[in-house]
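Since the structure comes first, as structure tokens, the remarks are kept for the end.
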Amino acid sequence: MPLETPESDMYQSSIGAHRLAYRSHISKLVKAGLINHAIHLFDQMTQSNCRVFSVDYNRFIGVLLRHSRLHLAHHYYRRHVIPRGFSLLPFTYSRFISALCSSPNNLPLIQDLLSDLHALGFVSDIWAFNTYLSFLCRHNRLETALEHFHSMPSKGREPDVVSYTIIVDALCKAQRFDEAARVWRGLTGKGLSPDYKACVAIVVGLCGGGRVDLAYELVVDVIKGGVKVNILVYNALIDGFCRMGRVDKAMKIKAFMSGNGCVPDLVTYNILLNYCCDEGMVSEASRLVETMERSGVEPDLYSYNELLKCFCKANMVDRAYMMLVERMQTKGLCDVVSYNTLITAFCKVRRTRRGYELFEEMCGKGIRPDMVTFNILIDAFLREGSIQVVKKLLDEMTRAGILPDRIFYTAVVDHLCKTGKVDTAHSVFRDMVENGVNPDVISYNALVNGFCKASRVMDAMRLYDEMQRNGLYPDEVTFKLIVGGLIKGKKLSLACRVWDQMMEKGLTLDRHLSETLVNAMQSSDGA
């Protein structure tokens with residue numbers, strides 16, 4: 018055994034002092050936020066004659082993780098820590114795994130760390146475990162998450178309430194509701210007390226999938242057992258039962274929540290109001306709004322719009338308008354949806370002029386009409402045959418910067434053609450083109466049909482030629498309309514030419530039309 022000399026003691030002491038100086042200087046650089054300088058100095062330390070210990074690497078990798086230098090942290094771990102026979106502390110491994118969960122691209126690195134952790138006989142902290150579970154579920158790796166979840170006890174770590182919540186939520190989102198229920202029962206069966214987040218996960222998840230009875234069954238026992246749940250749970254159950262048409266059960270839950278010290282909020286009332294309005298329960302909906310106001314829950318725009326819709330569905334349009342004026346406008350709760358609901362209702366009961374007055378009223382109040390508003394009015398005036406008003410509304414749309422789309426224009430053209438207003442339809446068609454909306458084959462077919470029915474087949478032929486110049490190919494409907502119109506107009510040679518073009522494209526006339534053309538040609542020859 019070599020003798021220790023004073024010189025060797027001094028050398029070791031000098032090296033130790035040198036190491037402490039490095040550590041101190043690195044720490045100061047980190048505190049000052051000079052991470053690149055700290056990295057450079059740490060590299061100097063590892064290349065000096067100082068002995069670097071496992072604790073140095075643990076601290077330094079911790080710094081890199083805290084400053085999101087994840088790949089550099091992994092470099093030091095793989096190229097320095099492992100080759101030197103060191104390991105990280107369980108806490109550092111946990112921090113490392115949690116940090117890597119920021120990106121799905123890091124999954125292979127996480128799995129390597131977990132493998133090393135297991136080989137060392139270490140167990141990650143529960144928060145790191147849950148972060149990894151959540152990471153897997155977020156990135157559509159539910160099977161891996163389930164495998165990891167079920168293997169936790171064998172690795173020395175029991176899942177906690179957060180672990181169960183993550184898995185329940187992921188299973189519900191994957192619509193694996195029975196599995197979610199089994200995991201929930203495993204949670205309560207182990208004596209764990211679900212918190213409000215766990216209750217939200219199971220109830221909202223199951224109710225969203227239509228499994229309302231199962232959600233109620235699973236959560237009611239824990240509520241009776243003293244677990245306080247928040248209003249999200251009650252609202253999800255109330256909404257679920259309303260959607261099932263079981264408003265009696267929904268009302269019982271509302272009473273139960275009040276008895277448990279959870280006061281119904283605006284969402285609760287709006288859910289019930291929506292049900293009453295959809296079912297045409299006018300009296301019940303009115304009473305519900307009155308109850309809200311008495312309870313200090315101020316109805317919002319949605320509440321009033323629902324009640325407005327309820328009155329309109331019941332054809333109580335004047336009462337609906339009075340509510341708009343007396344209650345909604347005075348509270349500043351009135352929007353384009355409110356007016357659209359009323360305009361629709363007045364048009365439905367054939368009070369179209371009143372609908373148009375409401376349109377003018379909303380514009381005067383600074384409420385900007387939308388595409389829906391114009392759709393309602395144009396459709397109503399088309400049905401009445403008030404073509405000038407339709408043209409005026411189309412012009413107003415353009416001035417308002419609301420450009421009708423191709424479907425809208427085509428519908429107007431088609432309606433005008435079917436009511437014999439072919440020239441107006443042609444004018445609207447030209448407006449569409451001028452406004453930069455390109456007609457498609459269906460648009461052309463609507464106008465072709467109008468011209469053919471009006472015995473203006475040559476106008477239809479001009480459209481037929483125009484669409485092809487614009488790069489659109491006539492379809493089977495186009496050919497049938499044109500050939501039929503040409504037969505009707507006794508343009509038989511032209512009809513035959515169009516028929517030939519049709520067959521060149523692999524299309525055929527139906528039997529009735531082809532026989533009509535052949536018979537017409539034979540009659541012409543016989544004459």
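All residue numbers for the sequence shown refer to my numbering, where the first residue is 18 and numbers rise by one. C-beta: ideal position from N, C-alpha, C; glycine also.
### Query
Does DSSP put residue 120 in a helix, in a strand, or in coil?
coil
### Task
Assign residue 188 to one of three DSSP states: helix, strand, or coil.
helix
#### Entry: Cβ-based burial, residue 347 [other Cβ within 10 Å; buried from 16]
exposed
### Task
Could you name the residues of the same chain whose beta carbon sits closer than 8 Å to that of residue 323, not counting the 5 residues immediately before and after it, in chain order?
287, 290, 291, 294, 302
#### Entry: Run of the alpha helix (DSSP H) containing residue 320, from where it starts to where it stops
318 to 330
### Message
Please report the straight-line C-alpha distance between residue 137 and residue 46, rounded to a whole angstrom.
### Response
33 Å
### Task
Pick helix, strand or coil for residue 32, following the three-state DSSP scheme.
Because the pLDDT at residue 32 is just 49, under 50, the model does not fix this residue reliably, and the value given afterwards should be weighed accordingly. Helix.
### Message
Between the alpha carbons of residue 27 and residue 38, how many angstroms are there, rounded?
### Response
Annotation note: pLDDT 42 at residue 27 (below 50); position unreliable, coordinate value reported separately. Distance between the alpha carbons of residue 27 and residue 38: 16 Å.
### Message
Can you give me the C-alpha to C-alpha distance between residue 532 and residue 461, rounded to a whole angstrom?
### Response
26 Å
### Query
Under three-state DSSP, which class holds residue 454?
coil
### Task
Taking only heavy atoms of the ligand SAM into account, decide whether any of them is closer than 7 Å to the Cβ of residue 122.
What this structure holds is no ligand at all, so the ligand SAM is not there to describe.
### Query
Which parts of the region 101 to 150 are runs of the alpha helix (DSSP H), unbroken and 4 residues or longer, counting only runs that do not cross its ends?
107 to 117, 124 to 136
### Task
Quick one: residues in its chain with C-beta nearer than 7 Å to the C-beta of residue 357, no 5 flanking neighbours on either side, listed in chain order?
389, 390, 393
### Task
Can you tell me which of the three DSSP states residue 272 falls into?
helix
#### Entry: Same chain, Cβ closer than 6 Å to residue 425, neighbours up to 5 away in sequence not counted
none
### Query
Can you list the beta strand (DSSP E) stretches of 3 or more residues lying completely in the region 221 to 290, in chain order?
none
### Query
Is the Cβ-Cβ distance between residue 439 and residue 467 less than 8 Å?
yes
#### Entry: Start-to-end residues for the alpha helix (DSSP H) that takes in residue 64
52 to 64
#### Entry: Buried versus exposed call for residue 269 [16 or more other C-beta atoms within 10 Å across all chains shown]
exposed
#### Entry: Beta carbon of residue 283 nearer than 8 Å to that of residue 314
yes
### Residue environment, residue 535, which counts as buried when at least 16 other CB atoms sit within 10 Å
exposed
### Message
Using the three-state DSSP reduction, which class does residue 214 fall into: helix, strand or coil?
### Response
helix
### Message
Taking its Cβ as the centre, do 16 or more other Cβ atoms sit within 10 Å of residue 520, making it buried, or is it exposed?
### Response
exposed
### Query
Quick one: is residue 457 buried, meaning 16 or more other Cβ sit within 10 Å of its Cβ, or exposed?
exposed
### Task
Can you give me the Cβ contacts of residue 528 inside the same chain, cut-off strictly under 7 Å, excluding the 5 residues immediately before and after it?
none
### Task
For residue 197, name the three-state secondary structure that DSSP assigns.
helix
#### Entry: Cβ neighbours of residue 319 in the same chain (closer than 7 Å, five flanking residues each side left out)
287
### Query
Out of curiosity, what's the CA-to-CA distance linking residue 413 and residue 386?
10 Å
### Query
If you run the structure through DSSP and keep just helix, strand and coil, what is residue 180?
helix
### Message
Given a cut-off of 8 Å on the beta-carbon distance, is the pair residue 254 and residue 200 in contact?
### Response
no
### Query
Exposed or buried, what is residue 545 when buried is set at 16 or more other beta-carbons lying within 10 Å of its beta-carbon?
With the chain covering 18 to 544 only, the question about residue 545 has no answer from this structure.
#### Entry: Contacting residues, own chain, Cβ-Cβ under 7 Å from residue 186 (five flanking each side not counted)
218, 222
#### Entry: CA-to-CA distance, residue 498 to residue 518, given in whole angstroms
14 Å
### Query
Would you report the Cα separation of residue 192 and residue 260, rounded to the nearest angstrom?
18 Å
### Query
How many Å lie between residue 208 and residue 340 at the Cα?
54 Å
### Query
Between the Cα of residue 231 and the Cα atoms of 243, 258, 244, which residue gives the shortest distance?
258
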